[in-house]
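Remarks on the structure that follows.
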Amino acid sequence: MIPISYYLFLALGLFSIGMIGVMTRRNIIIILMCVELMLNSVNLLLVAFSKMHHAKNIGTEAGIDGQMLVLFIMVVAAAEVAIGLSIMILFYRKLHNVDVKSLNRLKH
Amino acid sequence: MGTAEILFFVLAGLTLLSGLLTVTSKNPIHSILYLIITFFSISGHYILLNAQFLAVVNIIVYAGAIMVLFLFVVMLMNLNKGDKSFSKSFVLLAGGITAALFFALTVGIFLKSDVYEANQTLLASGDIGLTEKLGSVLYRDYVVPFELASILFMAAMIGAVLLSKKTDDLHIKD
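Protein sequence lines, in the order shown, are assigned to chains B and V. Counting in the numbering used here, the first sequence runs from 634 upward without gaps. Counting in the numbering used here, the second sequence runs from 13 upward without gaps.
Here is the structure:
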């Protein structure tokens, strides 16, 4: 019904948008959110490829590893967001802004 | 164009549009709300691919827990002033060129591979996305990563509590 190339282009587009966000924004919360966007684009592509492998050999459980990997990626992303936000709160408490340009303490 | 293709294009357009609005919003709260819309549309894609468990888990975990955590942090620390949150214009240009080059490179690799020549069509049904299939495979073949994930969560909880304690003895020379 839907060729795999459509899903590949969609996931690539989302990943590039997230990559532009990480590279150009200066607010650290937005950078963390663009990292989550990149993780979600990879999740979508993994589920699409798992369906593609299942469509090649239908009766078996052929493509289920992709969806398992997506579950574990969500697990790791949730833990990473918790720790990342608490580090960001510490950072805000000391410097009173969330601009990444003020993270230049190693320069002196 | 069947129903599946129309739904795919509608959901794909919504995903890309809300992703773009996430990255280019000045106000962080608007970015968070657009990202929630992105997660809902990705869950729509999962339902179109019959990955039912992952669609629901995506909404519960990402849109329901992680984004609410972001909203709490932004609102409690009063960070919704969006001034000066884009880099200078040559950094924007360099970032745009890098992302475009990455896109072109990956599309080129894909077009030359044999996945494109086969270009398998996806099944919008099939039962690997159902909860019972995923559950039985999780507890049969993937039980060690499952237990390790619980240890990871415990470490993340301890880390989050420890990192947010009030410390008076961290000094930064200003």
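By construction, the Cβ of each residue, glycine as well, lies at the ideal position given by its N, Cα and C atoms. It should be emphasised that the depicted structure is a prediction, and the values quoted were computed from it without experimental measurement.
Assuming contact is defined by CB atoms lying nearer than 9 Å, are residue i and residue j in contact in what I supplied?
| i | j | result |
| --- | --- | --- |
| residue 715 of chain B | residue 171 of chain V | yes |
| residue 23 of chain V | residue 43 of chain V | no |
| residue 107 of chain V | residue 653 of chain B | yes |
| residue 48 of chain V | residue 86 of chain V | no |
| residue 733 of chain B | residue 661 of chain B | yes |
| residue 55 of chain V | residue 75 of chain V | yes |
| residue 700 of chain B | residue 65 of chain V | yes |
| residue 138 of chain V | residue 687 of chain B | yes |
| residue 35 of chain V | residue 658 of chain B | yes |
| residue 133 of chain V | residue 637 of chain B | yes |
| residue 646 of chain B | residue 31 of chain V | yes |
| residue 685 of chain B | residue 111 of chain V | no |
| residue 28 of chain V | residue 46 of chain V | no |
| residue 679 of chain B | residue 57 of chain V | no |
| residue 141 of chain V | residue 92 of chain V | no |
Round the Cβ separation of residue i and residue j to the nearest angstrom and send it over; I've been treating them as touching at under 8 Å.
| i | j | result |
| --- | --- | --- |
| residue 149 of chain V | residue 669 of chain B | The pair is not a contact, with the Cβ atoms about 26 Å apart (cut-off 8 Å). |
| residue 697 of chain B | residue 683 of chain B | 7 Å |
| residue 706 of chain B | residue 672 of chain B | 6 Å |
| residue 635 of chain B | residue 89 of chain V | Not a contact, Cβ separation roughly 43 Å. |
| residue 649 of chain B | residue 98 of chain V | Contact flag wrong, Cβ pair sits at about 17 Å. |
| residue 704 of chain B | residue 69 of chain V | 7 Å |
When the Cα atoms are used, what is the spatial distance from residue i to residue j?
| i | j | result |
| --- | --- | --- |
| residue 20 of chain V | residue 179 of chain V | 51 Å |
| residue 735 of chain B | residue 117 of chain V | 34 Å |
| residue 16 of chain V | residue 640 of chain B | 13 Å |
| residue 162 of chain V | residue 105 of chain V | 42 Å |
| residue 176 of chain V | residue 168 of chain V | 12 Å |
| residue 147 of chain V | residue 128 of chain V | 32 Å |
| residue 160 of chain V | residue 166 of chain V | 10 Å |
| residue 727 of chain B | residue 667 of chain B | 24 Å |
| residue 643 of chain B | residue 67 of chain V | 17 Å |
| residue 18 of chain V | residue 153 of chain V | 37 Å |
| residue 731 of chain B | residue 725 of chain B | 6 Å |
Quick one: list the residues of chain V neighbouring residue i, beta-carbon separation under 9 Å, in chain order.
| i | result |
| --- | --- |
| residue 690 of chain B | Neighbours of residue 690 of chain B on chain V: none; closest Cβ ~11 Å, over 9 Å. |
| residue 668 of chain B | None at all; the shortest Cβ gap to chain V is about 11 Å. |
What does residue i reach in chain V if we use C-beta pairs closer than 7 Å?
| i | result |
| --- | --- |
| residue 714 of chain B | 78, 81 |
| residue 635 of chain B | 16, 17, 20, 133, 134 |
Is there a C-beta anywhere in chain V that falls below 9 Å from the one on residue i?
| i | result |
| --- | --- |
| residue 737 of chain B | no |
With 9 Å as the threshold, decide whether the Cβ of residue i is near any Cβ in chain B.
| i | result |
| --- | --- |
| residue 58 of chain V | yes |
| residue 103 of chain V | yes |
| residue 71 of chain V | no |
| residue 154 of chain V | yes |
| residue 49 of chain V | no |
| residue 165 of chain V | yes |
| residue 242 of chain V | This structure does not reach residue 242 of chain V, given that chain V is present from 13 up to 186, and the question cannot be answered. |
| residue 151 of chain V | no |
Since residue i meets chain B, which of its residues come closer than 8 Å, beta carbon to beta carbon?
| i | result |
| --- | --- |
| residue 24 of chain V | 639, 643 |
| residue 27 of chain V | 643, 647 |
| residue 118 of chain V | 645 |
Please list the partners that residue i has in chain V, where partner means a Cβ-to-Cβ separation under 8 Å.
| i | result |
| --- | --- |
| residue 724 of chain B | Within 8 Å Cβ-Cβ: nothing; residue 724 of chain B doesn't reach chain V, min ~10 Å. |
| residue 740 of chain B | Within 8 Å Cβ-Cβ: nothing; residue 740 of chain B doesn't reach chain V, min ~13 Å. |
At 7 Å on the CB atoms, spell out the chain B contacts of residue i, in chain order.
| i | result |
| --- | --- |
| residue 168 of chain V | 712, 715, 716 |
| residue 114 of chain V | 649, 652 |
Identify the contact partners of residue i in chain B, using a Cβ-Cβ distance below 9 Å as the criterion.
| i | result |
| --- | --- |
| residue 66 of chain V | 676, 680, 700, 703, 704, 707 |
| residue 99 of chain V | 656, 657, 658, 659, 734 |
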